[in-house]
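Data first, discussion second: the structure below is written as structure tokens.
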Amino acid sequence: MNQHERRWPATVVSLAVVAVIWEIVGRLELIGSGAFPPLAHIATQLWHDRGDYPRHTLGTVEAASLGFLIGNTVAIMLALAFSRWPPLERVLRGVGLTLFSVPFIALVPVLLIAFSTNTARIVLAALAVYFPTMVSTLVGLRQVDQRLVDVVTVSGGGELAVLRLIRLRACLPALFAGLRIAAPAAMLGAMLAEFGGGFRWGLGSYLLGSLGQANPARIWGIGLVATAVAAFGYAVFALIGSRVAGATSSVTTATAGPEALEGDGREPLWAKAGFSLASAAVVLGVWAFGLRLLGISPIVAKTPLAVVKYLTTGPGAATARHELLSALGQTLPLMFLGLACGLAAAFVLALVLSLRPAVGHAFLPFALVSQTMPLPALTPLLVLVFGRGVLAIVMVTISVTFFPAFVTIAQGLAQAPRGPSDLVQAYGGNSVGVLRFVGLPNAIPHLLTATRLAAPRALLGVMIAEFLATGTGIGNLINQARGLLDYGMIWAVAAAAVIVALTLTQLVGAIEHRVWRRFAS
Amino acid sequence: MEVPETARPTDGSQDHGDADSAAVVRVSEVSRTFALKGGTVPALDAVSLEAPVGSFLALIGPSGCGKSTLLRLLGGLDQPDSGSLSVAGATPDELRRAGRLGVAFQDPALLPWRNVRKNIALPLQVLKRPADPARIDHLIDLVGLRGFEDAVPSQLSGGMRQRVSIARALVTEPEILLLDEPFGALDEILRRQLNLELQRIWLEQRPTTVLVTHAIDEAVFLADRIVVMSARPGRVVEIVDVPFERPRRPEVMKTPEFHALADRLSDLLFGQGAG
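Protein chains in written order, with numbering that gives the first Met the number 0: chain Z, 0 to 520; chain X, 0 to 274.
Here it is, written out as structure tokens:
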């Protein structure tokens, strides 16, 4: 309680300072010549548009809520099933990883082909919430104190009694941590679907419609409203979560580390390979047979095999290949550049703040806003400020990777034990010494975790910026293909984006796994 | 590390050798090996011991001697690679399922979201037995927690949490009480105090008790019979009977007999390390 109270002044002061700077910058048109309107203009515009907001907001919120409900129900049920039958999780892991790493904008055209417009919006919101909730719940269900399990077992209980009396209750803080992230994710999914077009009411379509109107204040207004809605969802679940966590945080020692999800540490290589193959087969199977089940024409819905044919033996395969590869050649360097800059900035800032925690409190509100601001709302704003060029793409990528990475690294550092730092200081080391011997080595595994989490976001950021602003790369290619009814290309780009993101997260994940293992022992 | 021939655990159990197998705790030729990265670790190697039902047995030994492993085997939390365990003719698994076991660990392992009363009632809930409020009140009195019935673990001190876990271990009126260093994390003063209370509770209910400890004085003060174990692999070095009358008062710890026994045990424990 006390800590919260002491945090407030720094937060309020920093908010006020930013508001004042914003107003000055806006009035003097210091950035992007009018792209950065003063707060007063944004407020006036909001008031002027007050008639439009309720319907647009409701459209998005309704779909996002439905998707949130459906996606989370499925996620929680599956997490329960996975905790009961671990091999099931291994087989379905590919689906989860695909959903985690797929740039959702690549799914928009695909979903709009498969479903009616509103259903597509709900489905995308549901897909966006599935992974965070499923992983958090599963970790929560698995990460219980083994001693509690032993007590129930010795008292004559079986797995069901352990589930009923311990796991279900113990997983609640983790579940709410997942729901907290899932709420803004549902907004992101719904708004991205609206970018696909065909929606009368929705904040995403409102935003898309306002892009060409040379009215930056309106775009900022929509962005802020979308952020407020997402932040509200975040806050509700954060609040419930902190209540629940207060009553749950064990007085006994925690047991499981980041390995809690693995459970496959010592199995033979053939078993690992078998599970990987099975899980890849499930992804391809869902793709191929899911479309059949939905009864979509094979002309529109391309199976994996059809996509391969499209790019290899089909008519115009050479052209299609060339287009895809040159678009990837535009997208990927920018993704890596933005990712590297965002991570480097986050790493340095988190390290510095670990030595000066007070500065961190002033920083907190902006970290929260950026965590909850839907990417579709952020991108147009950055395009406004930085123009329709490469700079905008890089800035979008930096901003989507910087904050999650910063939060991951900073939290990791905050959890580091005090002992080693005290030791360095006891031998006369100053804060630089602490940083060198303790802070830096501690931060490296967290940097890798942050990289794995940020990489798919980086690709999504680049693609959204390409789609909305620059007209380059695969973000543009998939949009263009929709206009040309080039269904093969839509599926090819979506598949390529998934493969890029999946490869990247798996690569980083493998390195991360090794480093964590070394640090854990 | 070698175990002297004379220290084989046969003489100790001779006094009760005629006991009917229905009335003893029997561990015969139990071995348990754990697979670790890059090899195996034998935790228990052909361990045998016996104790009459209703007695208080202490297992002492250096860390890694497998005393906790033996306790987990007795609790049905783990299975031996070979050999067998039984209490009054029933296997640990049968005892466990029938709700005849009680357990307390070094870590109190309380459910953080439950108050004292509900934590104590947990085993009854697992066994789907009705929780008799009077019985739970009695246990709360027994462990000296009157007035803290509605407190949650985070509001209790370490010693109080440990008392809750003892009360929880007793709530099903278990025939066998398994205690794995229940006072190991507490300070010396508190540990002595709780040792006295444990004896009082034990005298009142008389469950067959197996206490794992690394404290020699605790073992001598509480147990009827002490099993001394050696490490890597875990073996029984000697079984020592404790002759003191019950109830034992703290003053017994100052007697020459007590010190003689404690010295003998510490020779058994530390002598092996030197050899």
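Glycine residues also receive a C-beta, built at the ideal position from the N, C-alpha and C atoms.
Starting from residue i, follow the beta strand (DSSP E) in both directions and report where the run begins and ends.
| i | result |
| --- | --- |
| Met-228 of chain X | 224–229 |
| Thr-208 of chain X | 207–212 |
| Leu-84 of chain X | 81–86 |
| Arg-234 of chain X | 234–240 |
Tell me whether residue i sits in a helix, a strand or coil according to DSSP, three-state version.
| i | result |
| --- | --- |
| Glu-180 of chain X | coil |
| Glu-158 of chain Z | helix |
| Ala-253 of chain Z | With a pLDDT of only 33 at Ala-253 of chain Z, under 50, the local geometry of the prediction cannot be trusted, and the value read off the model is given with reservation. Note: Ala-253 of chain Z maps to coil in three-state DSSP. |
| Pro-41 of chain X | strand |
| Arg-134 of chain X | helix |
| Val-122 of chain Z | helix |
| Thr-59 of chain Z | helix |
| Val-26 of chain X | strand |
| Ile-295 of chain Z | coil |
| Asp-140 of chain X | helix |
| Leu-268 of chain X | helix |
| Arg-190 of chain X | helix |
| Asp-521 of chain Z | No answer is possible for residue 521 of chain Z: it lies beyond the span of chain Z, which begins at 0 and ends at 520. |
| Arg-83 of chain Z | helix |
| Arg-49 of chain Z | coil |
| Gly-427 of chain Z | coil |
| Leu-434 of chain Z | helix |
| Ser-275 of chain Z | helix |
| Glu-28 of chain Z | coil |
| Pro-36 of chain Z | coil |
| Gln-161 of chain X | helix |
| Asp-263 of chain Z | Its pLDDT being 47, under 50, Asp-263 of chain Z is placed unreliably by the model, and nothing is read from it. |
| Asn-114 of chain X | coil |
| Gly-63 of chain X | coil |
| Val-151 of chain X | coil |
| Val-170 of chain X | coil |
What residues of chain Z sit near residue i, judged by a beta carbon separation below 7 Å?
| i | result |
| --- | --- |
| Gly-74 of chain X | Val-153 |
Starting from residue i, follow the alpha helix (DSSP H) in both directions and report where the run begins and ends.
| i | result |
| --- | --- |
| Thr-302 of chain Z | That residue, Thr-302 of chain Z, is in no alpha helix (DSSP H); it is neither H nor E in DSSP. |
| Arg-481 of chain Z | 472–482 |
| Ile-165 of chain Z | Element bounds for Ile-165 of chain Z: n/a, residue is neither H nor E. |
| Phe-175 of chain Z | 171–194 |
| Leu-72 of chain X | 66–73 |
| Leu-100 of chain X | Here Leu-100 of chain X belongs to no alpha helix (DSSP H); instead the beta strand (DSSP E) covers 100–103. |
| Val-406 of chain Z | 389–413 |
| Ser-325 of chain Z | 316–354 |
| Trp-200 of chain Z | No alpha helix (DSSP H) holds Trp-200 of chain Z; DSSP gives it neither H nor E. |
| Leu-447 of chain Z | 439–464 |
| Pro-375 of chain Z | 374–385 |
| Phe-126 of chain X | First, the amino acid is wrong: residue 126 of chain X is Leu here, not Phe. Premise fails: Leu-126 of chain X is in no alpha helix (DSSP H) and is neither H nor E. |
| Val-101 of chain Z | Counting along the chain, Val-101 of chain Z falls outside any alpha helix (DSSP H), and DSSP gives it neither H nor E. |
Cβ closer than 7 Å: which chain X residues qualify as neighbours of residue i?
| i | result |
| --- | --- |
| Gly-156 of chain Z | Val-125 |
| Ala-160 of chain Z | Val-125 |
| Arg-146 of chain Z | Phe-104, Asp-106, Ala-108 |
Cβ closer than 8 Å: which chain Z residues qualify as neighbours of residue i?
| i | result |
| --- | --- |
| Pro-102 of chain X | The amino acid at residue 102 of chain X is misidentified as Pro; the sequence shows Val. Going along chain Z in sequence order, the residues near Val-102 of chain X (Cβ under 8 Å) are Asp-149, Val-150, Val-153, Ser-154. |
| Thr-171 of chain X | Ser-154 |
| Leu-121 of chain X | Val-150, Val-151, Ser-154, Leu-164 |
In the DSSP assignment, what are the bridge partners of residue i?
| i | result |
| --- | --- |
| Pro-51 of chain X | X:Val-23 |
| Ala-57 of chain X | X:Leu-210, X:Ile-225 |
| Arg-146 of chain Z | According to DSSP, which records beta bridges pairwise, Arg-146 of chain Z is partnered with nothing at all. |
| Arg-31 of chain X | X:Leu-43 |
| Ala-89 of chain X | X:Val-86 |
| Ile-175 of chain X | X:Leu-100, X:Thr-207 |
Report the neighbours of residue i on chain X: residues whose CB is nearer than 9 Å to its CB, in chain order.
| i | result |
| --- | --- |
| Ala-521 of chain Z | Since the first residue shown for chain Z is 0 and the last is 520, residue 521 of chain Z is missing from the structure and cannot be characterised. |
So residue i contacts chain X; which residues on that side make the cut at Cβ distance below 8 Å?
| i | result |
| --- | --- |
| Arg-168 of chain Z | Leu-110, Trp-112 |
Should residue i be listed as close to the ligand HEM, given that the test is whether its C-beta is under 7 Å from any heavy atom?
| i | result |
| --- | --- |
| Val-94 of chain Z | Annotation note on the ligand HEM: not contained in the displayed structure, which lists no ligands. |
Any beta carbon of chain B sitting closer than 8 Å to that of residue i?
| i | result |
| --- | --- |
| Gly-156 of chain Z | Judged by its chain identifiers, the structure shown contains no chain B, and its protein chains are Z and X. |
- Item | the region 85–116 of chain X: positions lying closer than 8 Å to chain Z by Cβ | Arg-95, Arg-96, Ala-97, Gly-98, Leu-100, Gly-101, Val-102, Phe-104, Asp-106, Pro-107, Ala-108, Leu-109, Leu-110, Pro-111, Trp-112
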